[in-house]
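K.L.:
Quick note: the sequence shown uses numbering that gives the first Met the number 0, first residue 0, plus one each step.
We put the beta carbon where it would ideally sit given N, CA and C, even for glycine.
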Amino acid sequence: MATDTLKSTTGASGASAVRRLLLDNGALTALIALVIAMSALSGDFLTTDNLLNIGVQAAVTAILAFGVTFVIVSAGIDLSVGSVAALSATVLAWMATSQGVPVWIAVILAIATGIACGLVNGVLISYGKLPPFIATLAMLSVGRGLSLVISQGSPIAFPESVSHLGDTLGGWLPVPVLVMVVMGLITALILGRTYIGRSMYAIGGNEEAARLSGLRVKKQKLAIYALSGLFAAAAGIVLASRLSSAQPQAAQGYELDAIAAVVIGGASLAGGTGKASGTLIGALILAVLRNGLNLLSVSAFWQQVVIGVVIALAVLLDTLRRKAGATPVAAGAGAPGGRGKQAATYIIAAVVAAAVVGAMSFLHNGSSSSATKKVGLSLSTLNNPFFVQIKSGAQQEAKKLGVDLTVTDAQNDASQQANQLQNFTSSGLGSIIVNPVDSDAAGPAVRSANKAGIPVVGVDRGVNKADTAALVASDNIAGGKLGAKAMAEKLGGKGKIVILQGLAGTSASRERGAGFAEGLKAYPGIEVVARQPADFDRTKGLDVMTNLLQAHPDIQGVFAENDEMALGAVKALGSKAGTSVSVIGFDGEPDGLKAVKDGTMYASVAQQPKELGRIAVENALHAAEGKTVEKTVMVPVKVVTKENVSGFGG
């Protein structure tokens, strides 16, 4: 029976013994090497606050990965855990707030939701004979869709009693870390001490042999995927607690991180090997990488490249380990003294880590003191020209003022942005600028900066339930109203239009949509025949508009909540754009303004993104220096049409 414990078939001594130790503990060796490297490169890495940040940032991935470990050990795969996590958290928040269900019952229902999703996966795989990849891919889509349906695309406030899971004990020990440790111990117990754990290794090693040995493989798989769903629900609750809200778009892509953590930790996708400690180490490696690369101001795009390389190296190490002559040991047996050797390995690792901490702390003594002219800028995304221009304006002003500006990209992930803000806080920056993915979700991380005495400036969007020294923004609601007025005037007060909505759950989409709806109330002759999300993306705008034209070929207008979607709509409309159909976008980005000038777009509700970035850096520096800054700095927006586009600089 295959298991997660590997033993050399031949003896080794001297250099070969060291080589064997490194091969058999590759993930642990990599973690120690990463800690040493990051400690040497950044004086902010080994601070107590930052190490606790790493634990918090690893928690959700680790909990998800513990559940995925069960599946991978049994030679399966689960791509649905991120969506199940979001769905479970959404169910909890919706039940406890909108439906008035007692919180403890809502928690049970959320966990039951995760288990039910896992059971559906298990049924499809065991009895429906679907490949695990296909079954869980389908659940990924279903889970995310149900989360959006229940929440109507907007974040739901999380119950205060459950939100304490995102807090700290004694003011310093993060609860998510404690939950991660408990879930890890439960995973180790299940894998190493229970019948179902031994069954996982048997099924992963040879499913047919396991069946012939008397194992009820189909029922075991039901239990395995149900466990994965349960752990996903727990991860979703912890994540929502950190953000103080259930985000319908939360945990996107986390299933890949979870699988990566399991593989980096030494498990094989072929099944039969894997352990809880390895999975935890894998999750910590990912967290240390992201944390360290943030501290070193490495681009988020390069971070993805680095993590991909690490995953490839982890699989390569596993291959080398197998080629080196490692053979499986019977489940639960282990090598003579194997547990003692493993314990000794972890003790040695702890001693090495402690030595590194001491040495690097001495080396960097005093190097991480707060510097007024060090500013962090966390943008919601850099996959949009509008935010790229904010970055450009901020960098130009930072260079002019002699400010050391670190820019991060949250990739429209509220959880990732919370991690970045925590990293900024532990780095002792003079001030922080944040363009929130979601105004509510950014609140807890900004409150942490408040406690650390670091002033925070909001740009483009505000932060709820936290103190900001200033908000530098355009009025999205007022801009939406201007868009409605421009559309109505262009159509003569009557006509059929469609609306392309932004990424569900983002405050920009909600505010622009609300402003446009409010503005249309003055024009009852304008009929909105369809509203569809296109996620602020040009390609999706093209696809969605193409589909809508099949059902509504007679429309006269399109309002898109940003220029990217408007440009996609223009492409779908073809010759109709600018002639029989008027398209209005939002942002005033260069491509949008060019389309206005060419006449394919009627107008763009134009902001001044470079000015937003410039003023944000200026105010952040003043706040860091203790100077008085205006609480709200509004940068004007205006409707740019062909008549006035030449005079608009953006």
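(1) Please go through the same chain and pick out, in chain order, the residues whose beta-carbon is closer than 8 angstroms to the beta-carbon of V644, but skip the five residues on each side of it.
(2) Strictly by DSSP, which residues pair up with S651?
(3) Which value, in whole angstroms, describes the spacing of the CA atoms of I651 and S438?
(4) How far does the alpha helix (DSSP H) with V287 in it reach, from first residue to last?
(5) Within 7 angstroms: the Cβ of S240 and any heavy atom of the ligand PLP?
(6) Taking 8 angstroms as the cut-off, decide whether the C-beta atoms of A654 and A286 are in contact.
(7) Tell me, please, whether the CB atom of D474 is closer than 8 angstroms to any CB atom in chain B?
(8) Closest by CA to L315, which one among A26, T631, V216, S430?
(9) Use the C-beta contact count for L104: other C-beta atoms within 10 angstroms, 16 or more gives buried, fewer gives exposed.
(10) Assuming L572 contacts M544 (C-beta within less than 8 angstroms), just tell me the rounded distance between them.
(11) Comparing C-alpha positions only, which one of F385, V106, I195, K493 sits nearest to K217?
(12) Go through its chain and collect everything with a Cβ distance to A115's Cβ below 8 angstroms, but skip five positions before and after it.
(13) Drop a sphere of 10 angstroms on the beta-carbon of T326, count the other beta-carbons inside from all chains shown, and report buried for 16 or more, exposed for fewer.
(14) Starting from R530, trace the beta strand (DSSP E) in both directions and tell me its first and last residue.
(15) Does the pairing of the region 462-481 with the region 410-425 give three or more beta-carbon distances under 8 angstroms?
(16) Looking at A559 and G540, is the spacing between their C-beta atoms short of 8 angstroms?
(17) In terms of alpha-carbon separation, which member of I284, G127, R215, P158 lies closest to L50?
(18) State yes or no: is the C-beta of V445 within less than 8 angstroms of the C-beta of L420?
(19) Among S125, S160, A201, G81, which one has its Cα closest to the Cα of S654?
(20) So if DSSP puts G375 in a beta bridge, which residue, or which two residues, is it bridged to?
(21) Indicate the three-state DSSP secondary structure (helix, strand or coil) for V100 in the structure shown.
(22) To the nearest whole angstrom, what separates the beta carbons of S463 and G514, a pair I think is in contact under 8 angstroms?
(23) What runs of the beta strand (DSSP E), each 3 residues or longer, lie entirely inside the region 569-620?
(24) Give me the DSSP bridge partner(s) of T167.
(25) Could you tell me which residues DSSP puts in a beta bridge with K390?
(26) Based on Cα-Cα distance, which residue from P101, Y601, G457 lies nearest to G612?
(27) Looking only at its chain, what residues have a beta carbon closer than 7 angstroms to the beta carbon of R460, apart from the 5 residues adjacent to it on each side?
(28) Assign V462 to one of three DSSP states: helix, strand, or coil.
(29) Is V230 near M199, with beta carbons less than 8 angstroms apart?
(30) Is the number of C-beta pairs between the region 40-48 and the region 208-225 that are closer than 8 angstroms three or more?
(31) Keeping to the same chain, check which residues put their C-beta closer than 8 angstroms to that of R215; ignore five residues upstream and five downstream.
(32) Return the first residue and the last residue of the beta strand (DSSP E) that A469 is part of.
(33) Alpha carbons only, please: which of D466, K274, K484, F385 is nearest the one belonging to E610?
(34) When you compare only the Cα positions, how much space is there between A533 and G524?
(35) Could you work out which residue in G191, K398, L129 is closest to T68 when comparing CA atoms only?
(36) Unbroken alpha helix (DSSP H) runs of length 4 or more, entirely within the region 68-121: which are they?
P.N.:
Judging by the given coordinates:
(1) L592, V595, K596
(2) Here the chain comprises residues numbered 0 to 649, so residue 651 is not present and cannot be evaluated.
(3) Residue 651 lies beyond the range of the chain shown here (0 to 649); nothing can be said about it.
(4) 275-294
(5) By its list of ligands, the structure shown contains no ligand whatsoever, and the ligand PLP lies outside what it can speak to.
(6) What the structure shows of the chain is the stretch from 0 to 649, and residue 654 is not part of that stretch, so it cannot be assessed.
(7) In summary, chain B is missing from the structure at hand, where a single protein chain is found.
(8) A26
(9) Contrary to the premise, residue 104 reads as Ile rather than Leu in this sequence. Its Cβ having fewer than 16 others within 10 Å, I104 is exposed.
(10) 7 angstroms
(11) I195
(12) G228
(13) Note that T326 has pLDDT 45, beneath the 50 cutoff, so the model's placement of it is unreliable and the number below is only indicative. Its Cβ having fewer than 16 others within 10 Å, T326 is exposed.
(14) 525-532
(15) no
(16) yes
(17) I284
(18) yes
(19) Residue 654 falls outside the range modelled here, since the chain spans only 0 to 649, and no answer is possible.
(20) T405, I431
(21) coil
(22) Reading the sequence as shown, one finds Asn at residue 463 and not Ser. That belief does not hold up - the Cβ atoms of N463 and G514 are roughly 18 angstroms apart, past 8 angstroms.
(23) 581-586, 602-605
(24) P173
(25) Partner(s): none; K390 has no beta bridge.
(26) G457
(27) N434, P435, S438, A472, S506, A507
(28) coil
(29) Note on identity: in this sequence residue 230 is Phe, with Val being the wrong assignment. No.
(30) no
(31) none
(32) 469-472
(33) F385
(34) 26 angstroms
(35) G191
(36) 80-96
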